[in-house]
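Residue numbers (the working numbering), protein chains in the order written: chain V, -15 to 342; chain D, -15 to 342.
No residue lacks a Cβ here, since even glycine has one placed at the ideal position from N, Cα and C.
Here is the structure we will look at, set down as structure tokens.
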DNA sequence: CAATTTCATGTAATCCATTACATTGCACCG
DNA sequence: CGGTGCAATGTAATGGATTACATGAAATTG
């Protein structure tokens, strides 16, 4: 039958992609068992729990495994055991250096606990987030750490194996780890106030993200404490990119309002802001002070070096992963939100308000 | 034979990790088939190739699937079909912005072809690389794109489903996509020469990476063409980090050799170099010109903005993925090395050699 | 109208490893 | 010496989806 075998009827849908002709399958336990003259069970045991196999058998099997170059099929294993020991970390944007440090923390804890981490870049797209989340529903991964302010829907029963890092969602069922953005932002603005600044502009992040709302809240709260009326004309909104920071400054300057300091919702926008200010002939920090948020690696290397709010990036990652693994080990642990604190790092981009403004 | 025998049953190896008590298993085709009053085959078909199932049945099944919240178990599917439609991209360092753009290119092509991409950060560790590569041997992924100058061993028969991007290995069996680093580096150094520089320092990258050797080669070749004797005292080696760039400058300056320009093997080291130069009272570019390599996103935002060699990052990623998918579809395609070209981007960190040096 | 396709669906084999349960053999006990 | 316990290993069920092959009904053909 099918002497030629190859392209039978093979009718295919239109949206389909070419299919590999290559069903190269690897070695199986069976082959190893045969070669080693033992049963499949013994081979499996020799590999999974060597201590319950006799010394001689174990060595013999290991030798055969090595000689034949056998790697157990993880799909079969995971199918059977219903665990993958794999965590997917969703990051909105690899290009954003803020996340790299968080990832480090995630990987550290994951590896300590015998998990592997795979990263999925979502570029803020819900579709992409959902696609990666579906891997959990499809049992290809055990859990998810997401750094967007959203939790994808996963149609499984019981607790969602999802932890929110850096961001958080209202849903009290979802574990989160993040910093106290209100306080952190207020601290930064307070610092500007102590430097004598009164007209402090604010470059906000996307309002869809709760942490951005919080940062704005902190900004307003600090002003309020100092009995300074909020001036909506001093606020611009950006999307976290360097370019957005530049555009925000263009906008602020075009409004004709004077200001002697800018607080930015993240470092990249601060970098853009500094650049735009300089290209408009303002000196940083002599004319205008700039403060960022995150303390990305490059913040130290801008000139002037950026004063910013340092998030405990590594700790955020570590803590999130710890929570996720806890939850994977025991779905009954109560959900919790863990709030870390962030510290202001003073560098060269801030200075006391100069006597003659503008 | 376990003379110890202490904890009888449930005895576990020492390196073991806690095991979840939760074998929460999801819905299965069987349940859906039962609920929809059809056979499992029909359910599977309705989901995989809807066009071969009758309109009515298909709709009915889809309704049931939705109602019951069913997601097919990908492990079972992949086990059966021996394909995962998953590509793992190994990147040495997420913190390095160079790779982000490459990843973009990878994801674009992958998605167009119905593949998902997962990223594995290796931090240059062979062990980590190997761990991710093993996923292919274990059939958890179809192929690998690696951005290190190494190809992990994968014990499978036939062609290794591996493509090297940005870097390349000697092995002619392995597909690679990279830029002509020799020419690119030479172009950059030529440019410095046309600006009148004669004493050009070089900050090399790790010599373990062929592309770094090539960049050094390009540097030397350009000097040679200009009949300038190579001066080993003007070369320092770094590991691609900003800090390495700073240290390299410290070293070069400490040697007491004068130089009016520095060519760096990547942008981050160039950023570090600029910073170190400035903190030593040298002006960039008035006293010393600096050139980088890669054209990372931040290169445009340093002050002065960095002159650098722009790699076609997106194209590198796209091309590598195209190759990999080709190879996955037909393991018989001949291996090839694809060399793209890189362009010099002139910005503010370079200037003609000033008349009075030092 | 009988013969032949075609279509829609069902039955059951298959992918590969894990593991509950069964079996064997030996040491040790009273 | 028969019985008990344990270590080592084997047999076979299991996980969940895909799909070759089989079947029956409807459509087409001469």
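Cβ pair residue i, residue j closer than 9 Å
i, j, result
"residue 209/D", "residue 172/D", "no"
"residue 256/V", "residue 212/V", "no"
"residue 234/V", "residue 260/V", "yes"
"residue 35/V", "residue 74/V", "no"
"residue 189/V", "residue 221/V", "yes"
"residue 164/D", "residue 324/D", "yes"
"residue 319/D", "residue 158/D", "yes"
"residue 150/V", "residue 46/V", "no"
"residue 59/V", "residue 100/V", "no"
"residue 117/V", "residue 137/V", "yes"
"residue 185/D", "residue 247/D", "yes"
"residue 275/V", "residue 162/V", "no"
"residue 216/V", "residue 258/V", "no"
"residue 205/V", "residue 268/V", "no"
"residue 127/V", "residue 312/V", "yes"
"residue 84/D", "residue 77/V", "yes"
"residue 343/D", "residue 291/D", "Lying outside -15 to 342, the shown extent of chain D, residue 343/D is not represented and no answer is given."
"residue 81/V", "residue 79/D", "yes"
"residue 179/D", "residue 245/D", "yes"
"residue 44/V", "residue 22/V", "yes"
"residue 139/V", "residue 308/V", "no"
Residue i, buried or exposed, once every other Cβ within 10 Å from all chains shown has been counted against 16
i, result
"residue 293/D", "buried"
"residue 142/V", "exposed"
"residue 13/V", "buried"
"residue 39/V", "exposed"
"residue 300/D", "buried"
"residue 339/V", "exposed"
"residue 286/V", "buried"
"residue 5/D", "Any reading at residue 5/D needs caution, since the residue's pLDDT is 49, under 50, leaving its predicted position unreliable; the model's value is listed next. So residue 5/D counts as exposed."
"residue 265/D", "exposed"
"residue 132/V", "buried"
"residue 91/D", "buried"
"residue 337/D", "buried"
"residue 30/V", "buried"
"residue 110/V", "exposed"
Whole-number beta carbon distance between residue j and residue i, since they are thought to touch under 8 Å
i, j, result
"residue 16/D", "residue 63/D", "In fact, because the Cβ distance is near 19 Å, the residues do not count as touching under 8 Å."
"residue 335/V", "residue 242/V", "Contact flag wrong, Cβ pair sits at about 17 Å."
"residue 123/V", "residue 57/D", "5 Å"
"residue 316/V", "residue 147/V", "Contact flag wrong, Cβ pair sits at about 16 Å."
"residue 102/D", "residue 104/V", "6 Å"
"residue 121/D", "residue 55/V", "4 Å"
"residue 250/V", "residue 88/V", "Between residue 88/V and residue 250/V the Cβ distance is about 19 Å, and since that is not below 8 Å, they are no contact."
"residue 218/D", "residue 183/D", "7 Å"
"residue 232/D", "residue 187/D", "4 Å"
"residue 37/D", "residue 19/D", "About 16 Å; that fails the 8 Å criterion."
8 Å Cβ cut-off: residues of chain V touching residue i
i, result
"residue 9/D", "66"
"residue 102/D", "72, 102, 103, 104"
"residue 327/D", "Correct list: empty, because the minimum Cβ distance to chain V is about 21 Å."
"residue 223/D", "Those within 8 Å of residue 223/D in chain V number zero; the least Cβ separation is about 15 Å."
Residue i: contacting residues in chain V (beta-carbon distance under 7 Å)
i, result
"residue 200/D", "What residue 200/D touches in chain V: nothing, since even the nearest Cβ is about 25 Å away."
"residue 81/D", "79, 81"
Where residue i meets chain D, residues with beta-carbon distance less than 8 Å
i, result
"residue 115/V", "100"
Chain D residues whose Cβ lies nearer than 7 Å to that of residue i
i, result
"residue 91/V", "105"
"residue 87/V", "78, 105"
"residue 226/V", "285"
"residue 84/V", "78, 79"
Amino acids of chain D, ordered along the chain, whose beta-carbon sits closer than 9 Å to that of residue i
i, result
"residue 16/V", "The contacting residues do not exist; residue 16/V stays about 13 Å from chain D at best."
Under 9 Å by beta carbon: chain V residues contacting residue i
i, result
"residue 359/D", "Outside the modelled stretch of chain D, which goes from -15 to 342, sits residue 359/D, for which no answer is possible."
Near the ligand SAM: residue i beta-carbon under 8 Å from a heavy atom
i, result
"residue 215/V", "Absence of the ligand SAM is noted for the structure shown, with no ligands found whatsoever."
Quiz item: Looking at chain V, which residues of the region 41 to 71 of chain D have a Cβ within less than 7 Å of any of its Cβ atoms?
Solution: Listed by position, the residues of the region 41 to 71 of chain D near chain V (Cβ gap below 7 Å) are 53, 55, 56, 57, 58, 59, 60, 62, 63, 66, 67.
Exercise. Taking a Cβ distance cut-off of 7 Å, strictly less, list which residues of the region 278 to 309 of chain V are near chain D, in chain order.
Key: For the region 278 to 309 of chain V, which is checked against every Cβ of chain D, the residues closer than 7 Å are 281, 282, 285, 287.
Quiz prompt | Selection of the region 120 to 154 of chain D by Cβ proximity to chain V, strictly under 7 Å | solution = Under the 7 Å Cβ criterion, the region 120 to 154 of chain D contributes 121, 122, 123, 124, 139, 140, 141, 142.
Quiz item: Given a limit of 8 Å on CB to CB distance, which residues of the region 247 to 273 of chain D reach chain V?
Solution: So the list reads 255, 256, 259, 262, given in the order they occur along the chain.
Self-check item: Positions along the region 176 to 199 of chain V whose CB lies within less than 7 Å of some CB in chain D
Solution: Correct list: empty, as no residue qualifies.
Self-check item: Short-range partners of chain V found in the region 312 to 337 of chain D, where Cβ spacing is below 8 Å
Solution: So the list reads 312, 313, 314, 315, given in the order they occur along the chain.
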